[in-house]
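Undergrad: Numbering (the numbering used here), first residue to last: 5 to 102. Glycine included, every Cβ here is placed at the ideal spot set by N, Cα and C. One structure follows; several queries about it will come next.
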């Protein structure tokens, strides 16, 4: 009976150590942030792929997901056909180039 408990405890410690070293949640969160930031194939790939990205973002960054869902869209955030949305683009720190 005690050998089983020791084996289970050792397996739990080894699994915790491996998860701490590999950090799968952080890697998944980084992947999701990249997909959201740089509208790549996963975002352009259809509703199924977008659902995967949204669900993974909600799991890895729940506070950010909640804040995004609560923020109302403004006129500059809406996307009209024929224009680029500008997601993932940051203004140049030096302003306009001459």
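Exposed or buried, what is residue 61 when buried is set at 16 or more other beta-carbons lying within 10 Å of its beta-carbon?
TA: Counted from its first residue, the chain shown places residue 61 at position 57. It is buried - the Cβ of residue 61 has at least 16 other Cβ atoms within 10 Å.
Undergrad: Indicate whether the contact test is met: 3 or more Cβ pairs, each with one atom in the region 47-67 and one in the region 11-25, closer than 8 Å.
TA: no
Undergrad: If residue 32 sits next to residue 64, beta carbons under 8 Å apart, how far is it from one beta carbon to the other, in whole angstroms?
TA: For the purposes of this step, residue 32 is taken as the residue at position 28 of the chain shown. For the purposes of this step, residue 64 is taken as the residue at position 60 of the chain shown. Between residue 64 and residue 32 the Cβ distance is about 5 Å, and since that is below 8 Å, they are a contact.
Undergrad: Cutting at 7 Å between CB atoms, please list the residues of its own chain near residue 29, excluding the five before and the five after it.
TA: By 1-based counting over the chain shown, the position of residue 29 is 25. Closer than 7 Å at Cβ, skipping near neighbours: 64.
Undergrad: Between the C-alpha atoms of residue 78 and residue 68, what's the straight-line distance to the nearest angstrom?
TA: As a working mapping, residue 78 is identified with position 74 in the chain shown. As a working mapping, residue 68 is identified with position 64 in the chain shown. Going by the C-alpha atoms only, they are around 18 Å apart.
Undergrad: Applying the 10 Å Cβ sphere with the 16-neighbour rule, what's the burial state of residue 40?
TA: Reading the chain shown from its first residue, position 36 is the one you call residue 40. By the neighbour-count rule (16 or more Cβ atoms within 10 Å), residue 40 is buried.
Undergrad: Can you tell me whether DSSP reads residue 66 as helix, strand or coil?
TA: In the chain shown, the residue the question calls residue 66 occupies position 62. Here residue 66 sits in helix by DSSP.
Undergrad: Within 10 angstroms of the Cβ of residue 10, are there 16 or more other Cβ atoms? Answer buried if so, exposed if not.
TA: Taking the first residue of the chain shown as position 1, residue 10 is located at position 6. It counts as exposed.
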